[in-house]
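Enquirer:
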Amino acid sequence: MSDNSLNNLAKRISDVHRRIYHAAMRAGRSPETVRLVAVTKHFPVSVVSEAVELGLRVFGESYVGEAASKRETIIRGNPSSSVSWHLIGHLQRNKVKKAVATFDCIHSIDSAALAGEVDAHAARAGKIQDILIQVKLSEEDTKAGIEEDRVFALAERITSSHKNLNLIGLMAMPPFFEDPELSRPFFRRLKDIRDDLAKSGIALAELSMGMSNDFETAVGEGATMVRVGSEIFGER
Ligand SMILES: *Cc1c(COP(=O)(O)O)cnc(C)c1O
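Just add 7 to the spot in the sequence shown (first one is 1) and you have our numbering.
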């Protein structure tokens with residue numbers, strides 16, 4: 008990357024951090040409770056490397072193979088930096104082993120069968136795998152995630168019988184709206200589901216919600232992880 012585009016990237020990163028900061032303050036939240044997951048899917052590893060140089064440490068990827076190869080390159084080039092990798096895309100059953108080897112956190116657990124598979128591979132790898140349950144909040148059937156009314160049963164099963172899974176929160180991806188205000192009810196809904204789980208004895212700290220178009224709205228509704236790609240790295 009040229010100095011010019013590096014400066015550009017630095018500016019975009021600090022803009023997003025500043026916007027998260029202000030959105031948190033407006034909501035009466037402490038800005039440190041919001042983590043930026045920088046989404047680098049489809050961007051070359053050179054871009055990830057620049058972002059690491061500029062201080063980003065948490066990356067979101069949608070594809071297991073792509074993430075695994077980027078991760079190896081980053082580890083080779085920056086052995087001392089502690090970068091973490093989050094899977095935000097759908098996880099296929101035949102990719103679970105590699106996903107467990109690659110990701111610090113998996114946001115897209117949406118069935119008991121998948122949870123069981125991840126638990127088994129984590130046990131074999133001697134790892135406690137951080138996960139989130141992805142919730143389907145809209146009737147658009149193209150959206151992944153488990154139906155709302157099945158979240159409790161899945162959460163209960165994970166916390167009671169999967170020793171190698173650490174369930175830390177819920178993730179959702181509402182339909183895309185031009186106007187971020189239209190995403191608000193979906194974010195509020197995910198938070199309500201989280202609060203209901205807490206009342207039933209399953210306390211989860213994390214809400215992964217909000218993307219480039221609506222992350223400030225998500226922060227306003229309680230997001231603890233925002234997944235931002237294009238607003239930092241440009242259009243894919
Ligand atoms: C690509 C992607 C993002 C980031 O989207 P942008 O609009 O580029 O910020 C966030 N979450 C998921 C699940 C994604 O697939």
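A virtual CB, placed ideally from N, CA and C, is assigned to each residue, including glycine. Predicted, not measured: the structure shown is a model, and the values here were computed from it.
#1: Based on the DSSP secondary-structure assignment, which residues constitute the bridge partners of residue 27?
#2: Is the number of C-beta pairs between the segment 46-65 and the segment 11-27 that are closer than 8 Å three or more?
#3: Would you say the segment 210-230 touches the segment 188-195, given that touching needs at least three Cβ pairs under 8 Å?
#4: Grab me the residues of residue 68's own chain with a C-beta within less than 6 Å of its C-beta, minus the 5 sequence neighbours each way, in chain order.
#5: Taking residue 97 as the reference, which of 235, 180 and 87 has the closest Cα?
#6: Using 9 Å as the threshold, is the C-beta distance between residue 138 and residue 116 below it?
#7: On a Cα-Cα basis, can you pick out the residue from 46, 129 and 184 that is closest to residue 108?
#8: Do you know how far the Cα of residue 63 is from the Cα of residue 239?
#9: Given residue 199, which residues of its chain have a CB within under 7 Å of its CB, disregarding the five upstream and five downstream residues?
#10: Could you pull the DSSP bridge partners for residue 178 from this structure?
#11: With DSSP as the reference, label residue 128 as helix, strand or coil.
#12: In the structure shown, what three-state DSSP assignment does residue 95 receive?
#13: Taking the continuous beta strand (DSSP E) assigned at residue 43, which residues delimit it?
#14: Please report the distance separating the alpha-carbon of residue 125 from that of residue 111.
#15: Evaluate contact between the segment 18-29 and the segment 74-87, counting only Cβ atoms and requiring at least three cross-stretch pairs below 8 Å.
#16: At a cut-off of 8 Å, would you count residue 113 as near ligand 1, judging by its Cβ distance to the nearest heavy atom?
#17: Counting C-beta neighbours from all protein chains within 10 Å, is the total for residue 193 16 or more, i.e. buried, or is it exposed?
#18: From which residue to which residue does the beta strand (DSSP E) around residue 66 run?
#19: Using only CA atoms, which one of 78, 237 and 93 lies nearest to residue 86?
Expert: Once the coordinates are examined:
#1: None, per the DSSP bridge assignment.
#2: These segments touch.
#3: The answer is yes - the segment 188-195 touches the segment 210-230, with three or more Cβ pairs under 8 Å.
#4: The residues are 48 and 74.
#5: Residue 180 is the option with its Cα nearest to residue 97.
#6: In contact: residue 138 and residue 116 (Cβ atoms closer than 9 Å).
#7: Minimum Cα distance to residue 108 is reached at 129.
#8: When rounded, the distance between both Cα atoms is 11 Å.
#9: Here residue 199 has no same chain residue with a Cβ atom under 7 Å from its own Cβ, once five neighbours each way along the sequence are excluded.
#10: Residue 178 is bridged by DSSP to 141 and 215.
#11: Helix.
#12: Residue 95 falls in the coil class under three-state DSSP.
#13: Here the beta strand (DSSP E) through residue 43 covers 42-46.
#14: Whole-angstrom Cα-Cα distance: 12 Å.
#15: The segment 18-29 makes no contact with the segment 74-87; the number of CB pairs closer than 8 Å stays below 3.
#16: Distance from the C-beta of residue 113 to the nearest heavy atom of ligand 1 is not below 8 Å.
#17: In the assembly as shown, residue 193 is a buried residue. Its beta-carbon has 16 or more other beta-carbons within 10 Å.
#18: Counted as a single uninterrupted DSSP element, the beta strand (DSSP E) harbouring residue 66 occupies residues 65-68.
#19: Residue 78 holds the alpha-carbon nearest to the alpha-carbon of residue 86 among 78, 237 and 93.
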